[in-house]
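**Student:** This structure is in structure tokens; I'll ask about it shortly.
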Amino acid sequence: HVPLLIVSARGDDIDVVVGLEAGADDYVVKPVRARVLDARIRAVLRRLDTPGTPPPEAHGPLTIDRAGLRVAHEGTPVPLAPSELRLLLTLSASP
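Next comes the structure, spelled out in structure tokens:
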């Protein structure tokens, strides 16, 4: 993924939305101060450096997707209440 930052004099909401939906990571309207532009560039690069989501964990027939907050038993999704999910995530973190 190559980060894309649009710097444009066109600042209407539709222009910003179209730019972001076209794949831009940020959209900055001119005039912009150098410090603000520098901070926005660093923010885009910081997001680029974040590690990917961890793969789901297998605990016997139980699969726990911590990133997606999903649980499956033998491939079948298991609906859990928020408190049940928190408890399962806590207990499975230190087997």
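32 is the number of the first residue of the sequence shown in this note's numbering; add one for each residue after it.
Glycine included, each C-beta is placed from N, C-alpha and C at the ideal position.
(1) What span of residues does the alpha helix (DSSP H) with Asp56 cover, start to end?
(2) Taking the alpha-carbon positions, what's the Gly54 to Val33 distance?
(3) Ser125 by DSSP, collapsed to three states: which one?
(4) Can you check DSSP and say which residues form a bridge with Ser108?
(5) Whether or not the region 64-81 and the region 32-52 are in contact is what I'm after, with contact meaning three or more pairs of Cβ atoms, one per stretch, closer than 8 Å; do they touch?
(6) Pick from Gly106, Leu100, Pro85: whose alpha carbon is nearest that of Leu120?
**Tutor:** In short, the structure shows the following:
(1) The residue given as residue 56 occupies position 25 in the sequence shown. Asp56 -> no alpha helix (DSSP H), and no H or E assigned at all.
(2) Counted from its first residue, the sequence shown places residue 54 at position 23. Counted from its first residue, the sequence shown places residue 33 at position 2. So the alpha carbons of these two residues sit roughly 10 Å apart.
(3) Reading the sequence shown from its first residue, position 94 is the one you call residue 125. DSSP places Ser125 in coil when its eight states are reduced to three.
(4) The residue labelled residue 108 in the question sits at position 77 within the sequence shown. Reading off the sequence shown, one finds Pro at residue 108, where the question assumed Ser. According to DSSP, Pro108 bridges with Ala103.
(5) yes
(6) Counting from one through the sequence shown, the residue named residue 120 turns up at place 89. Shortest Cα-Cα distance from Leu120 to any of Gly106, Leu100, Pro85 involves Leu100.
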